[in-house]
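Residue numbers (my numbering): 17 to 376.
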């Protein structure tokens, strides 16, 4: 789909590497620009890319990069504000070389915010972006829970970066100029929280951390540990699904009398803590697989919490979602297109394509 698009990706960390992977999966020609002393880049997020090494303190190498910019559509900058400027590769310089260039800069806090010089990782970006403040842990501890590094790095940084690049490419296709994209992962995290902010504005999310509808405050939107220390997730918000949930609990050992009590008290906030405790005890009486088998009979919005490694043997998401390379599982390109087939290519060795550098 993007076979005519040429991307220069300066080697960085998670979000920009992910942007490059998605563009490569979609067919773009992505070239990874790494330092001469780079470690092996065996991450599947580098699949399908070319790899070249440069000494960015060497004027000749900078001139080679500039030459490549002339023929590129996208440049991905993973560095802190000011790094490419000091190397002589600022947006102003690059846009003069190629006025159609999309210059995507991904940082923690954006190029111009008061925090722009501050170091950080995903947990810091989603803290400032307001996300961590509503990610509640389950149980009695009312404190934020760390949601891995998916939200800041890969959603706010990675996928928002892909979306913004594609939007800018469409603008160029329509006759517009290239442009600089200033993507801060903290700002992007706040953007992803638009729904939660609306809930707070409407006083629908105002009971403190871990006490609201979608953050573990209820017994019907929660996570429960099973006998084998694995987990089931429950998300039966609507009445019809809640009724099915109660039917499943009865099939798993809940008495009819207690089932009736649950049906009558779904929205009774004074009972939520007691019901969470009662349901927790019940879930601990069976393994996750046993509960999964029970709830397979009910359309109750109840699911096993699946670990990625399990997809080698279980096909919950269908065929060809997970692929195996050198004995290791990775995820195929997504989503599924009707007119495009992913060609998942090899992961390059560092500097593998140095012989393809343009000659000055």
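C-beta: ideal position from N, C-alpha, C; glycine also.
Every value quoted in this text rests on a predicted model; they were computed, and no experiment measured them.
Residue of 347, 297, 117 and 204 minimising C-alpha distance to residue 247 = Closest by alpha carbon: 297.
key: Cβ-based neighbour list, residue 327, same chain, cut-off 8 Å, excluding 5 preceding and 5 following   = Excluding residues within five positions, the ones whose Cβ falls inside 8 Å are 333, 337, 338 and 345.
message = residue 196 and residue 434 - do their beta-carbons sit closer together than 9 Å?
response = As shown, the chain starts at 17 and ends at 376. That puts residue 434 outside it, with no answer to give.
Limits of the beta strand (DSSP E) - the one that residue 322 falls within = Run containing residue 322: none; DSSP gives neither H nor E here.
ask   = Mind pulling the alpha helix (DSSP H) runs of 4 or more residues that sit fully within the stretch 182-248?
value = 201-208 and 210-217
query = DSSP on residue 251, reduced to helix/strand/coil?
reply = strand
ask   = Which partner residues does residue 42 have in the DSSP bridge list?
value = Residue 42 pairs with nothing; no bridge assigned.
ask   = In this structure, what does DSSP give as the bridge partners for residue 345?
value = 340
request  = Identify the continuous alpha helix (DSSP H) that holds residue 292 and give its terminal residues.
outcome  = Run containing residue 292: 288-299, per the alpha helix (DSSP H) assignment.
request  = Starting from the C-beta of residue 161, find all residues in its chain whose C-beta is less than 8 Å away, skip the five residues before and the five after it, and write them out in chain order.
outcome  = 151, 152, 153 and 154
task = Report the three-state DSSP secondary structure of residue 169 (helix, strand or coil).
result = helix
message = Using C-beta distances below 6 Å, list every residue in its chain close to residue 377, excluding the 5 sequence neighbours before and after it, in chain order.
response = The shown model of the chain, from 17 to 376, leaves out residue 377, and the question about it has no answer.
ask   = Are the CB atoms of residue 33 and residue 62 nearer to each other than 9 Å?
value = yes
ask   = Three or more C-beta pairs closer than 8 Å, one from the stretch 25-40 and one from the stretch 164-179: is that the case here?
value = yes
inquiry  = I'd like the span of the alpha helix (DSSP H) that includes residue 100, first residue to last.
reply    = 99-102
query = Of the choices 104, 53 and 58, whose alpha-carbon is the least far from that of residue 75?
reply = 104
key: C-beta contact flag for residue 70 and residue 80 at 9 Å   = yes
task = Decide if the stretch 229-244 is in contact with the stretch 298-308; the criterion is three or more beta carbon pairs, one per stretch, under 8 Å apart.
result = yes
inquiry  = Going by DSSP, what residue range makes up the beta strand (DSSP E) through residue 65?
reply    = Counting along the chain, residue 65 falls outside any beta strand (DSSP E), and DSSP gives it neither H nor E.
ask   = Is residue 123 helix, strand or coil by DSSP?
value = strand
task = Tell whether a beta-carbon distance below 9 Å holds between residue 227 and residue 158.
result = yes
query = From residue 181 to residue 272, what does the alpha carbon distance come to, in whole angstroms?
reply = 56 Å
Among 361, 134 and 269, nearest to residue 348 - alpha-carbon criterion = If we check each option's Cα against that of residue 348, 361 comes out closest.
query = Do residue 48 and residue 27 have their C-beta atoms within less than 9 Å of each other?
reply = yes
request  = Using alpha carbons as the reference points, say which of 137, 189, 190 and 311 lies closest to residue 263.
outcome  = 311
task = Using a threshold of 9 Å, state whether the C-beta atoms of residue 369 and residue 82 are closer than that.
result = no
inquiry  = Please state whether the Cβ-Cβ distance between residue 321 and residue 239 is less than 9 Å.
reply    = yes
ask   = Buried or exposed: where does residue 201 fall if 16 or more other Cβ atoms within 10 Å of its Cβ makes it buried?
value = Flag for residue 201 reads buried.
Close-in-space but distant-in-sequence residues of the same chain around residue 44 (CB under 6 Å, 5 per side omitted) = 18, 21 and 23
query = Identify the residues that DSSP records as bridge partners of residue 47: which are they?
reply = 24 and 66
task = Report buried or exposed for residue 135, applying the criterion of at least 16 other Cβ atoms within 10 angstroms of its Cβ.
result = exposed
task = Can you have a look at residue 351 and say buried or exposed, based on whether 16 or more other CB atoms are within 10 angstroms of its CB?
result = exposed
message = Suppose contacts are defined by Cβ-Cβ distances below 9 Å. Is residue 128 in contact with residue 198 by that definition?
response = Yes, Cβ-Cβ distance for residue 128 and residue 198 is below 9 Å.
key: Exposure of residue 145, with buried meaning 16 or more beta-carbon neighbours within 10 Å   = buried
inquiry  = What does the Cβ neighbour count give for residue 25, buried or exposed, with the cut at 16 atoms within 10 Å?
reply    = Buried, since its Cβ has 16 or more Cβ neighbours within 10 Å.
Boundaries (first-last residue) of the alpha helix (DSSP H) holding residue 138 = 138-144
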